[in-house]
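When the letters of the sequence shown are read in order and numbered with the UniProt record's numbering, they come out as residues 1 to 203.
A virtual CB, placed ideally from N, CA and C, is assigned to each residue, including glycine.
Treat the numbers as computed from the prediction; the structure is a model and nothing was measured.
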Amino acid sequence: MAITNSKDCNLIFYTNPMSRGQIVRWMLEETGKPYQMEVLEYNASMKDPEYLKINPLGKVPSIVHNGKVVTECAAICAYLADVFPECGLAPSVTERADYYRWLFFAAGPLEAAVINRTLGFDVPQVKERMVGYGTYDAAVDTLAKAVTTHEYIAGSEFTAADVYVGSHVIWGQQFGSLPKSKAFQDYAEKLMQRPAYKAAQEK
């Protein structure tokens with residue numbers, strides 16, 4: 001394991017550069033809090049018994065904060081926004097409807113639709129009610145409307161939901177898993193100008 005940053009830090013981030021760990025690294029940079037990063041290798045240190053105690057699936061990213069383990073990108077983003085409220089990365093509790101809605105839409109229906117399409121699987125019409133997204137086109141159209149309704153995904157302010165949803169949109173534009181459209185391109189370009197996004201990419 002390659003270790004960087006302070007060994008005395010109470011926030012440890014397990015990742016690999018070629019993984020969804022990029023989402024969490026962006027979120028960590030948005031908080032501005034110190035963290036220790038451990039880079040794991042596929043089919044090697046990710047499968048070490050020591051790491052499997054943290055994430056039994058042997059995948060990244062994971063974080064350990066004050067001895068508590070959090071896995072899954074959407075959960076990590078929401079967790080970090082909650083434990084560091086002074087960073088302003090979550091709306092007030094009474095204003096979190098859109099925040100939760102789109103954070104978990106991206107983690108559920110959108111990701112399933114995109115991955116199935118990438119794998120070459122299209123849901124038969126008679127089976128559409130069995131999947132959470134119905135059709136790829138329906139999921140994409142829903143997302144396109146969401147990113148153009150407000151300045152950011154949950155309203156007028158940037159939040160942790162933009163880190164997660166935005167990562168899907170940025171990757172979708174870069175790798176072709178989402179259609180090229182003005183709605184997606186404008187949203188992606190706006191987020192890519194954030195200093196924390198740039199800092200995460202440099203790392």
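Original post:
Which ranges does the beta strand (DSSP E) cover as unbroken runs of at least 3 residues, wholly within the stretch 83-153, from first to last along the chain?
Top reply: Segments of the beta strand (DSSP E) lying fully in the stretch 83-153: there are none.
C-alpha gap between Pro-179 and Ala-138, whole angstroms: As a working mapping, residue 179 is identified with position 179 in the sequence shown. As a working mapping, residue 138 is identified with position 138 in the sequence shown. Near 13 Å, if we compare the C-alpha coordinates of Ala-138 and Pro-179.
Open item on the list: Would Cys-77 and Val-163 be called neighbours here (beta carbons separated by less than 8 Å)?
Closed with: Against the sequence shown, residue 77 aligns to sequence position 77. Against the sequence shown, residue 163 aligns to sequence position 163. Yes, the pair counts as a contact, with Cβ atoms nearer than the cut-off.
Review point. In or out: Ile-3 buried (at least 16 other Cβ within 10 Å) or exposed?
Key: In the sequence shown, counting from the first residue as 1, residue 3 sits at position 3. Here the model assigns Ile-3 a pLDDT of 34, short of 50, so the residue's position is not dependable, and the following value carries that caveat. Exposed, because fewer than 16 other Cβ atoms sit within 10 Å of the Cβ of Ile-3.
Next item on the list: Would you grab the beta carbon distance between Tyr-51 and Tyr-14 for me? Rounded to a whole angstrom, and I think it's under 8 Å.
Entry: By 1-based counting over the sequence shown, the position of residue 51 is 51. By 1-based counting over the sequence shown, the position of residue 14 is 14. In this structure Tyr-51 touches Tyr-14 by the C-beta definition: roughly 7 Å separates them, less than 8 Å.
### Message
For Ser-19 and Ala-75, I'd like the C-alpha separation in whole angstroms.
### Response
Start at 1 with the first residue of the sequence shown, and residue 19 comes out as number 19. Start at 1 with the first residue of the sequence shown, and residue 75 comes out as number 75. When rounded, the distance between both Cα atoms is 16 Å.
Over what stretch of residues does the beta strand (DSSP E) that includes Tyr-35 continue unbroken? Indexing the sequence shown from 1 puts residue 35 at position 35. Careful: Tyr-35 lies outside any beta strand (DSSP E) and carries neither H nor E.
Worksheet item: So what does Ser-62 bridge to, in DSSP terms?
Response: Indexing the sequence shown from 1 puts residue 62 at position 62. Paired residue(s): Tyr-14 and Thr-71.
Note to self: For Gly-21, list the residues DSSP reports as bridge partners.
What the structure shows: Here the question's residue 21 lines up with position 21 in the sequence shown. Partner residues in a beta bridge of Gly-21, as assigned by DSSP, do not exist.
- prompt: What is the DSSP secondary structure of Met-27, reduced to helix, strand or coil?
  reply: Position 27 of the sequence shown, counted from the first residue, corresponds to residue 27. The answer is helix: DSSP assigns Met-27 an H, G or I state.
* Using the rule of at least 16 other Cβ atoms within 10 Å of the residue's Cβ for burial, across every protein chain shown, is Met-37 buried or exposed? -> The residue given as residue 37 occupies position 37 in the sequence shown. So Met-37 counts as buried.
Apart from the five residues just before and just after Glu-29, which ones in its own chain have a Cβ nearer than 7 Å to its Cβ? For this step, residue 29 is matched to residue 29 along the sequence shown. Around Glu-29: Ala-196, Ala-199 and Ala-200.
Checklist line | Alpha-carbon to alpha-carbon, Gly-134 and Leu-11 | finding: Counting from 1 along the sequence shown, the entry for residue 11 is found at position 11. Counting from 1 along the sequence shown, the entry for residue 134 is found at position 134. Approximately 39 Å, taken between the alpha carbons.
Would you report the Cα separation of Met-130 and Leu-110, rounded to the nearest angstrom?
As a first step, residue 130 must be located in the sequence shown, where it is residue number 130. As a first step, residue 110 must be located in the sequence shown, where it is residue number 110. The C-alpha of Leu-110 is placed about 15 Å away from the C-alpha of Met-130.
| message | In the DSSP output, which residue or residues are listed as bridge partners for Gly-166? | response | The residue you call residue 166 lines up with position 166 of the sequence shown. Per the DSSP secondary-structure output, Gly-166 pairs with nothing in a beta bridge.
Whole-angstrom distance between Ile-23 and Arg-96, CA atom to CA atom: Locating residue 96 in the sequence shown gives position 96, where the first residue counts as 1. Locating residue 23 in the sequence shown gives position 23, where the first residue counts as 1. Between Arg-96 and Ile-23, the alpha-carbon positions lie close to 21 Å from each other.
* Asked: Going by other Cβ atoms of all chains shown within 10 Å of its Cβ, with 16 needed for buried, is Ser-6 buried or exposed?
  -> Locating residue 6 in the sequence shown gives position 6, where the first residue counts as 1. Bear in mind that a pLDDT of 44 at Ser-6, under 50, signals an unreliable position, so the model cannot answer this.
Worksheet item: In angstroms, rounded to a whole number, what distance separates the CA positions of Ser-181 and Glu-189?
Response: One-based indexing of the sequence shown puts residue 181 at position 181. One-based indexing of the sequence shown puts residue 189 at position 189. Note on geometry: alpha-carbon atoms of Ser-181 and Glu-189 lie some 12 Å from one another.
Item checked: Spatial distance of Gly-32 from Trp-26 (CA atoms) -> If you number the sequence shown from 1, residue 32 lands on position 32. If you number the sequence shown from 1, residue 26 lands on position 26. Those two C-alpha atoms are separated by around 10 Å.
*In angstroms, rounded to a whole number, what distance separates the CA positions of Tyr-187 and Glu-72?*
Within the sequence shown, numbered from 1, the residue matching residue 187 stands at position 187. Within the sequence shown, numbered from 1, the residue matching residue 72 stands at position 72. C-alpha separation (whole angstroms): 23 Å.
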